[in-house]
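Protein chains in written order, with the working numbering: chain L, 1 to 248; chain B, 1 to 248.
Backbone N, C-alpha and C define an ideal beta-carbon position, used for all residues, glycine too.
Small disclaimer: the values here were computed from a predicted structure and weren't measured.
Some notes on the structure that comes next.
There are 2 protein chains.
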Amino acid sequence: MSYCLGIKTAAGLVMASDSRTSAGDQVSVCQKMYLFVKPGERVFVLVTSGSLSLSQSVVTLLDKDFEAGAGLAAAPTLYDAARVVGDTIRRVGEMDRQYLERDKFSFNVHFIMGGQIKGAEHDLYLIYPQGNPLRASTDAPFLQIGETKYGRPILDRGIKYDSTPLEVASKYALISIDSTMRSNMTVGPPVDMLLYKADSLKVTHHRRLVASDPDLKEIHTRWEQSLRRAVSELPPVQFEEVENEIEE
Amino acid sequence: MSYCLGIKTAAGLVMASDSRTSAGDQVSVCQKMYLFVKPGERVFVLVTSGSLSLSQSVVTLLDKDFEAGAGLAAAPTLYDAARVVGDTIRRVGEMDRQYLERDKFSFNVHFIMGGQIKGAEHDLYLIYPQGNPLRASTDAPFLQIGETKYGRPILDRGIKYDSTPLEVASKYALISIDSTMRSNMTVGPPVDMLLYKADSLKVTHHRRLVASDPDLKEIHTRWEQSLRRAVSELPPVQFEEVENEIEE
Chain L
1 MSYCLGIKTA AGLVMASDSR TSAGDQVSVC QKMYLFVKPG ERVFVLVTSG
51 SLSLSQSVVT LLDKDFEAGA GLAAAPTLYD AARVVGDTIR RVGEMDRQYL
101 ERDKFSFNVH FIMGGQIKGA EHDLYLIYPQ GNPLRASTDA PFLQIGETKY
151 GRPILDRGIK YDSTPLEVAS KYALISIDST MRSNMTVGPP VDMLLYKADS
201 LKVTHHRRLV ASDPDLKEIH TRWEQSLRRA VSELPPVQFE EVENEIEE
Chain B
1 MSYCLGIKTA AGLVMASDSR TSAGDQVSVC QKMYLFVKPG ERVFVLVTSG
51 SLSLSQSVVT LLDKDFEAGA GLAAAPTLYD AARVVGDTIR RVGEMDRQYL
101 ERDKFSFNVH FIMGGQIKGA EHDLYLIYPQ GNPLRASTDA PFLQIGETKY
151 GRPILDRGIK YDSTPLEVAS KYALISIDST MRSNMTVGPP VDMLLYKADS
201 LKVTHHRRLV ASDPDLKEIH TRWEQSLRRA VSELPPVQFE EVENEIEE
């Protein structure tokens, strides 16, 4: 399992991914964040969940086209860029899908792409295994793929498109991933975190947090303490006195 | 969808359930908490998720047997009581399962049963649609059914069998349900909360919180504020300076 997310606020983007990958009982580490950058002109950050074999093929093809000045290098808008990722997923589907399904594997690969092309706003898309894109909105300013539920309540409560500063959004992203790693052992470190400031058109802020990273441990411990304190400060649940029956 | 949970600590039990039920686009309210009590001798609290039709049948049969002094009324241990629930699920399965599956509905009904029989410790079981029981342990002192993931991280972090007082556990249970209702619209109020003190052998503390309940609103609002403050007090994520590349 994987867990990746992207957050879009007025100030920019935060992208985050775990690095655990498993095939059967083989568990290993693999980075799930990829950059495609032409400084000053275009920036794309991709994170991915699903079959590692499939996402590697997609990224390999995207890379080849990008180097040749096509694909993501030529997309006129971010919507077109999301379509490039979707078309590339479909190309891989043409190669692999029927052979996977013949052996009862599903064709499962998801991407989140955040980025910006000069002259347009930064934006954030989720691209499904079918190749169709979904755009983040100001009402729903984050997108998740993989093991999404454990880490969602904290994002639901914290992220506001207009008002959440990027530095704060990156804390929410890290807590969201940390909560997921706590509840699902198949999501694991290192955690890749990337912060993109709107209109910078370059990538300058990245952090890879390994399991033993003291910052990761500190955030984990302090968050747990803060939650406990927050619960203790809540008013108690007021119970009503009943006698072995409850009203229906 | 439903969300129900049970928490077992050294001091007793907390049981909680939402009340939303849906069949297709028909959404309505239905209590999912049931009591079977012989004061001073035995107490069982059941919460349920899955098909309402199936859980109603199970409870109807359990009720009939209980009134006749059999089933839950006669089970010598709590393990046997969990087996009674499982056997009753199997009886309903014999009646309904093949007809559901013929029309591609799955036989889906889950129960959590908390309770105590005089002379033995209070305990907590989950009973699967197949009828087999799973017991809560001191290491895993809570059980969930239905839409379980959104509300799990807060329980993972807060509930300790030995040390969490029941009043605090009931706050965790309510936050867990509130988080789930926030993230999944098919889980909804009223919320039934029940607190059982070990060795009391009677049910005295129950609360039903409707959507407009000021206590529910206060907990919801204060929790959201507390989370935001907790995030703001965390140290910022320290990014490393990179230049359009990240190490693999």
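Cβ-Cβ distances below 7 Å link residue 31 of chain L to 19, 192 in the same chain, with the five nearest sequence neighbours on each side left out; the list follows chain order. Neighbours of residue 150 of chain L in chain B, taken as residues at a C-beta separation under 7 Å, are given in chain order as 149, 152, 153. One finds 243, 244 in chain L with Cβ atoms closer than 8 Å to the Cβ of residue 202 of chain B, taken in chain order.
Two segments are said to touch when three or more pairs of C-beta atoms, one from each, lie closer than 8 Å; by this definition the region 139–148 of chain B does not touch the region 174–187 of chain L.
Proximity of chain L to residue 161 of chain B at the Cβ level (cut-off 9 Å) is not reached, the minimal Cβ distance being about 16 Å. Taking a C-beta cut-off of 9 Å against chain B, none of the residues of the region 48–77 of chain L qualify.
With a contact defined as Cβ atoms closer than 8 Å, residue 127 of chain L and residue 82 of chain L qualify at about 6 Å. Counted as a single uninterrupted DSSP element, the stretch harbouring residue 151 of chain L is not any beta strand (DSSP E), since DSSP gives it neither H nor E.
Straight-line spacing of the CA atoms in residue 134 of chain B and residue 125 of chain B works out to 5 Å. Secondary-structure assignment with DSSP links residue 71 of chain L through no beta bridge to anything. Annotation: the continuous alpha helix (DSSP H) that includes residue 179 of chain L extends over 166–183. Residue-level contact by beta carbon holds for residue 226 of chain B and chain L, with a gap shorter than 8 Å. Around the beta carbon of residue 151 of chain B, 16 or more other beta carbons lie within 10 angstroms, which makes this residue buried. For residue 241 of chain B, the three-state secondary structure derived from DSSP is strand. Between residue 27 of chain L and the set L:226, L:185, L:236, L:233, the nearest pair of CA atoms involves L:185. The Cβ atoms of residue 203 of chain L and residue 43 of chain L lie closer than 8 Å to each other. Counting every other CB atom within 10 Å of its CB across the protein chains shown gives residue 157 of chain B a total of 16 or more, marking it as buried. Judged by DSSP secondary structure, residue 230 of chain B falls within the alpha helix (DSSP H) whose first and last residues are 214–233. Chain-ordered listing is empty here: chain B has no CB closer than 9 Å to the CB of residue 24 of chain L, the nearest sitting near 23 Å. For residue 89 of chain L and residue 58 of chain L, the gap between their C-alpha atoms comes out near 6 Å. Across the set B:155, B:132, B:148, the C-alpha of B:155 shows the shortest separation from the C-alpha of residue 140 of chain B. Sorting L:199, L:216, L:244, L:9 by C-alpha distance to the C-alpha of residue 40 of chain L places L:199 at the top. Counting C-beta atoms within 10 angstroms of its own C-beta, residue 92 of chain L has 16 or more neighbours from the protein chains shown and is therefore classed as buried.
Separation of residue 1 of chain L and residue 149 of chain B (C-alpha to C-alpha, rounded to the nearest whole angstrom) is 15 Å. Using a CB distance cut-off of 8 Å, residue 158 of chain L counts as an interface residue toward chain B.
Nearest in C-alpha terms to residue 210 of chain L, of all of L:9, L:195, L:243, L:181, is L:181.
By the Cβ-count criterion, residue 170 of chain B is buried, with 16 or more other Cβ atoms from all chains shown falling within 10 Å of its own Cβ.
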